[in-house]
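> Handing you this structure, nothing more for now.
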Amino acid sequence: MDQSLVDRALLAFGEAVNVVEPLRMRFWHERGLTLVQVGLLFQLLERDAQSISELADVLRVRPATVTGLADRLERGGYLRRSGDPSDRRVIRVSLTSTGRRVIEQIRAESHTYLDRAFETLGTQRVEALATLLEELVTAVDTEQEAELAGATARRKM
């Protein structure tokens with residue numbers, strides 16, 4: 002692939018993140034939350050009662066990192082832990098009513114602000130953008146899995 006095209010795409014992606022993230026971060030920081038904490042809360046909003054290891058996989062961090070995040074969010078009243086009825090070794094993490102309310106407020110505020118920008122692009126272009134970003138995530142995940150498999154195979158030699 003043409004390297005100048007790759008550079009252009011990476012620059013545009015970086016600029017988009019640099020423009021959007023500070024706007025979204027304002028909503029998080031007003032509540033004393035970090036990017037990773039908000040990511041965990043959004044994940045629980047999408048699918049509640051996940052295990053620490055499930056959250057670690059989705060967030061692409063170590064389980065110990067999720068445990069620390071859960072500790073802070075539990076102290077803040079955003080989530081609670083409970084045992085898994087089918088496996089006593091597993092701890093499930095769920096949103097509290099406060100956690101659900103706060104993350105839904107953050108989502109609504111972010112949408113209100115960013116919806117205007119997406120409106121200028123139109124439905125077809127936003128759909129294309131979403132599809133391309135999803136495909137980019139899949140491609141990067143596939144590459145990382147291949148690298149991990151290669152590293153694991155080399156260690157076994």
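Per the working numbering, the very first residue in the sequence shown carries number 2; after that it's consecutive. Virtual Cβ for every residue (Gly too), placed ideally from N, Cα, C.
Measuring CB to CB, does R81 end up less than 7 Å from T97?
Yes, Cβ-Cβ distance for R81 and T97 is below 7 Å.
> Please report the Cβ distance between D49 and S95, rounded to the nearest whole angstrom; I am assuming they are in contact, meaning their Cβ atoms lie under 8 Å.
About 5 Å separates the two Cβ atoms, so the contact holds.
> Go through its chain and collect everything with a Cβ distance to A10's Cβ below 7 Å, but skip five positions before and after it.
Nothing listed; no residue qualifies.
> Rounded to whole angstroms, how far is the Cβ of R101 from the Cβ of L56, which I believe are closer than 8 Å?
Going by Cβ atoms, the distance from R101 to L56 rounds to 16 Å, so no, they are not a contact pair.
> Please list the terminal residues of the continuous alpha helix (DSSP H) segment that includes S5.
Start and end: Q4 to H30.
> Do Q38 and L70 have their C-beta atoms closer together than 7 Å?
For Q38 and L70, yes; Cβs fall inside 7 Å.
> Quick one, are the C-beta atoms of F28 and I107 less than 7 Å apart?
Taking 7 Å as the Cβ cut-off, F28 and I107 qualify as a contacting pair.
> Can the beta-carbon of I53 be found closer than 7 Å to that of V62?
No, they are not a contact pair.
> What does DSSP give as the partner residues of S52 in its beta bridges?
BP columns for S52 point to R93.
> Going by beta-carbon coordinates alone, are Y114 and L42 separated by less than 7 Å?
No, they are not a contact pair.
> Could you pull the start and end residues of the beta strand (DSSP E) that S83 belongs to?
It spans L80 to D85 - the beta strand (DSSP E) in which S83 sits, taken as one unbroken run.
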